[in-house]
Amino acid sequence: MKITDYIKKSNKTLFSFEILPPLKGESIQSLFKAIEPLMEFKPKFIDVTYHREEFVYKKRENGLLERKVVRKRPGTVGICAAIVNRFKVDAVPHIICGGFSKEETENALIDLHYLGVDNVLLLRGDGMKSEGGAFVAETEGHSYASELIQQVVDMNHGKYLDDTLLNMHATDFCIGIAGYPEKHFESPNMKTDLKHLQKKVELGSDYIVTQMFFDNQKFFEFVKTCREAGIQVPIIPGLKPLTTKLQLTVLPSIFHIDLPEELVSEVEKCKDNAAVKQVGIEWGIHQSKELMKFGVPCLHYYSMSRSDAVKQIAKELF
Ligand code: FAD
Numbered sequence: 005m006k007i008t009d010y011i012k013k014s015n016k017t018l019f020s021f022e023i024l025p026p027l028k029g030e031s032i033q034s035l036f037k038a039i040e041p042l043m044e045f046k047p048k049f050i051d052v053t054y055h056r057e058e059f060v061y062k063k064r065e066n067g068l069l070e071r072k073v074v075r076k077r078p079g080t081v082g083i084c085a086a087i088v089n090r091f092k093v094d095a096v097p098h099i100i101c102g103g104f105s106k107e108e109t110e111n112a113l114i115d116l117h118y119l120g121v122d123n124v125l126l127l128r129g130d131g132m133k134s135e136g137g138a139f140v141a142e143t144e145g146h147s148y149a150s151e152l153i154q155q156v157v158d159m160n161h162g163k164y165l166d167d168t169l170l171n172m173h174a175t176d177f178c179i180g181i182a183g184y185p186e187k188h189f190e191s192p193n194m195k196t197d198l199k200h201l202q203k204k205v206e207l208g209s210d211y212i213v214t215q216m217f218f219d220n221q222k223f224f225e226f227v228k229t230c231r232e233a234g235i236q237v238p239i240i241p242g243l244k245p246l247t248t249k250l251q252l253t254v255l256p257s258i259f260h261i262d263l264p265e266e267l268v269s270e271v272e273k274c275k276d277n278a279a280v281k282q283v284g285i286e287w288g289i290h291q292s293k294e295l296m297k298f299g300v301p302c303l304h305y306y307s308m309s310r311s312d313a314v315k316q317i318a319k320e321l322f
């Protein structure tokens, strides 16, 4: 079922979460173990992230460098099928521009359509370490999420890449996209970022999931600005429970977000990560309750495939 239909049908806040595919070589059982404890809260959907290949340089005996292509977490499409099969819940694959030609994207979407996947989260994808963190589009690929959205919208209208083919079967994907309450880090300013977000919605996106944030005020302002700009689709807040002290520096550097001073000082007082986790859970409960009161359609948790902290939060709310 489409996420927008779940939202329309419900008069209360829904629960959902995101998982990562297991590391290559790990069994899928580790993932099932992370999902099982959260099923009692009746998630309406589970997002599965996509991780593109990375280039690793290894020194050969002769001193020359050898470039190796490594994909640490393959299996997004297969995992979606496994989740639907085992838990009877909708799985939402993340589809990225990076590493895909348009044709490979089309073929992946056909696979997903055959599998009965109704929802996709469309993203540009992160930059690559080997490119100094910059995003480099494939020669035959997309440069921005908006181009990928256009491709899916076309398929939803029965228009495939080969325009000599007529009477093609139209897919019916519900399209999710990313939004950034604290601005996407490459955008020169919030206004420009919102202009691009607005374009993604105008092209035919159905809902927005936000980057994680720890200060609800940032989300409230973001929703207000989106609504003022005419963006009317549901905006789902993404939340991540803090679990380690190291995240005080890691999260801002990876996700380009701020952590509120009050949270930082509580974490700094903690003797160990067990205490940090407790602070993170309490913060997550407080954030979630306030967002529920605000009337968000769904609370979406970045579980990082570790269910414990999300479970402690969900127990208080769902
Ligand atoms: P875009 O919407 O394309 O925007 C990228 C930047 O370009 C922005 O600064 C935007 O303002 C600007 N821009 C957009 N259109 C134009 C234009 N036409 N001209 C000029 N500038 C433009 N990454 C993964 O690799 N795998 C995942 O599974 C994944 N899941 C995610 C889930 C969520 C909920 C979020 C919030 C992010 C996720 N990411 C994931 C990270 C995401 O890929 C990065 O944040 C990426 O840098 C931007 O993706 P986007 O779809 O927002 O890009």
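Per the working numbering, the sequence shown starts with residue 5, numbered consecutively.
Every residue gets a Cβ at the ideal spot worked out from N, C-alpha and C, and that includes glycine.
| Query | Result |
| --- | --- |
| State whether the segment 189 to 204 contacts the segment 284 to 298, with contact taken as three or more CB pairs (one from each stretch) at a distance under 8 angstroms. | no |
| What do you reckon, are the CB atoms on Val81 and Ala38 nearer than 8 angstroms? | no |
| Enumerated in chain order, which unbroken segments of the beta strand (DSSP E) with a length of 3 residues or greater are wholly contained in the segment 169 to 247? | 178 to 183, 211 to 216, 239 to 243 |
| Buried or exposed: which applies to Pro47, given that a residue is buried once 16 or more other Cβ atoms fall within 10 Å of its Cβ? | buried |
| Could you give the DSSP three-state label for Pro264: helix, strand or coil? | coil |
| Is Ile99 helix, strand or coil by DSSP? | strand |
| Near Asp219, which residues of its chain fall below 6 angstroms by C-beta distance, leaving aside the five closest residues on each side in sequence? | Pro264 |
| Could you check the C-alpha separation between Lys319 and Glu294 for me, to the nearest Å? | 16 angstroms |
| Quick test of your reading: Ile240 and Cys302, contact by CB under 8 angstroms. State the CB separation rounded to the nearest angstrom. | 5 angstroms |
| Output the distance between the C-alpha atoms of Tyr184 and Leu255, rounded to the nearest integer angstrom. | 14 angstroms |
| Report the start-end ranges of each alpha helix (DSSP H) in the segment 45 to 131 that is 4 residues or longer and not cut off at the edges. | 80 to 91, 106 to 118 |
| Got a sec, what are the start and stop residues for the alpha helix (DSSP H) Glu294 sits in? | 277 to 298 |
| So the beta strand (DSSP E) Glu22 belongs to, where does it begin and stop? | 18 to 23 |
| Please report the distance separating the alpha-carbon of Asp9 from that of Phe49. | 12 angstroms |
| Below 7 angstroms, is the gap between the Cβ of Arg56 and the nearest heavy atom of the ligand FAD? | yes |
| Given this structure, state the Cα-to-Cα distance separating His304 from Lys204, to the nearest angstrom. | 21 angstroms |
| Under 8 angstroms, do Phe177 and Asp94 count as touching if we go by C-beta distance? | no |
| For Tyr148, which three-state DSSP category applies? | coil |
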